[in-house]
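See structure below.
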Amino acid sequence: MAGLCVHMLVNAPYKWNPLRTNILGATSLDLAMSNHGAYLPVVWPLAMASTHVYKDASSNPSLASLLLRPPITPLSPSLIVGICEGNVIDTEFATNKITLLFELIHCTPNLLMESWTEPEINRCTQCLAIGDTEEAICLKDQNKAFDFPVRYSCWLWHRYHATCEVPGQLNPLSLLSCCRVVIRRAIMNNLANSDLAMDYAKALKSLTLPPRMLAFLSFQEMWPVVNAKHKFRFRQRQYGALPLRHPLQPVYDVHDLDA
Numbered sequence: 001m002a003g004l005c006v007h008m009l010v011n012a013p014y015k016w017n018p019l020r021t022n023i024l025g026a027t028s029l030d031l032a033m034s035n036h037g038a039y040l041p042v043v044w045p046l047a048m049a050s051t052h053v054y055k056d057a058s059s060n061p062s063l064a065s066l067l068l069r070p071p072i073t074p075l076s077p078s079l080i081v082g083i084c085e086g087n088v089i090d091t092e093f094a095t096n097k098i099t100l101l102f103e104l105i106h107c108t109p110n111l112l113m114e115s116w117t118e119p120e121i122n123r124c125t126q127c128l129a130i131g132d133t134e135e136a137i138c139l140k141d142q143n144k145a146f147d148f149p150v151r152y153s154c155w156l157w158h159r160y161h162a163t164c165e166v167p168g169q170l171n172p173l174s175l176l177s178c179c180r181v182v183i184r185r186a187i188m189n190n191l192a193n194s195d196l197a198m199d200y201a202k203a204l205k206s207l208t209l210p211p212r213m214l215a216f217l218s219f220q221e222m223w224p225v226v227n228a229k230h231k232f233r234f235r236q237r238q239y240g241a242l243p244l245r246h247p248l249q250p251v252y253d254v255h256d257l258d259a
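Residue numbers (full-length UniProt numbering): 1 to 259.
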């Protein structure tokens, strides 16, 4: 809902100026990116509408900043684990976060330390025990310590295996997926090798593509989105507060009809 509201504000007919600052001189994009759990449905429309480029000079970038700009240094093992093991109570949100990070790494190999740039493509023992599945089930396991090389290799295996019609063989990616990888790599390489006031959102905007193509190139189908019934606890975890129950939470909770 927050992302939809921001999208409506910064586009016609309202055309709200995202460069307006608060009393401390911070823009809305600065505020949206001010914590490590920056929420992509809010960050992206602000980045698209703003002429301001948020450059994360931190050695501990968020997933949102990795989508917008290449990091200043390759991602360390501890940083990757920190992003993937974020304290989130929504399993689907956590899984989508891992999937998007892996997709960004796949599109931008220089995000990784050199020793990890050519991982083997194998299923993990957990997924092998389950049998053939269309996705890496191990990504949903929040109770097991996160082993990046193992899970990334397993995700890659499923990434290439999903479109294969011959059992036991790996297929190349679809033409559409290949195009996205190539476009993303070209833009990120240009951003890394230039001092232009540009980020990935503005680079896509400059191409004047139709909305559906913009959504595809921004990986919107992979964005981690919080389930409405978890929103209060998500905010508390995001700002490091104790997971206390909001006094109005029973009123606003959305319960599963199938439960």
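From the three backbone atoms N, C-alpha and C, an ideal C-beta is built for every residue, glycine too.
Contact check for R123 and W157: beta-carbon distance about 5 Å, within the 8 Å limit, so the pair qualifies.
Between D199 and L68, the CB-CB gap stays under 9 Å. Using a 10 angstroms sphere on the CB of S206, the tally of other CB atoms stays under 16, which defines it as exposed. Under the three-state reduction of DSSP output, T27 falls in the strand class. A Cβ-Cβ distance of about 5 Å is found for the pair L29 and L46, placing them in contact under the 8 Å criterion. DSSP places T21 within a strand segment (E or B) once states are collapsed to three. Straight across, the Cα-Cα distance linking L75 with M188 is about 15 Å.
A201 is a Cβ neighbour of W44, given a cutoff of 9 Å. In the three-state scheme derived from DSSP, where H, G and I count as helix and E and B as strand, L112 is classed as strand.
Y14 counts as exposed, since fewer than 16 other beta carbons sit within 10 angstroms of its beta carbon.
Under the three-state reduction of DSSP, L207 is assigned to coil, being neither helix nor strand. Where K97 is concerned, the enclosing alpha helix (DSSP H) starts and stops at 91–107. For F148, the enclosing alpha helix (DSSP H) begins and ends at 148–161.
Distance from V10 to A64 at the Cβ level is roughly 16 Å; contact not present, criterion being Cβ atoms closer than 8 Å. For L75, DSSP records a beta bridge to L112. Per DSSP, the unbroken alpha helix (DSSP H) holding G3 starts and ends at 2–10.
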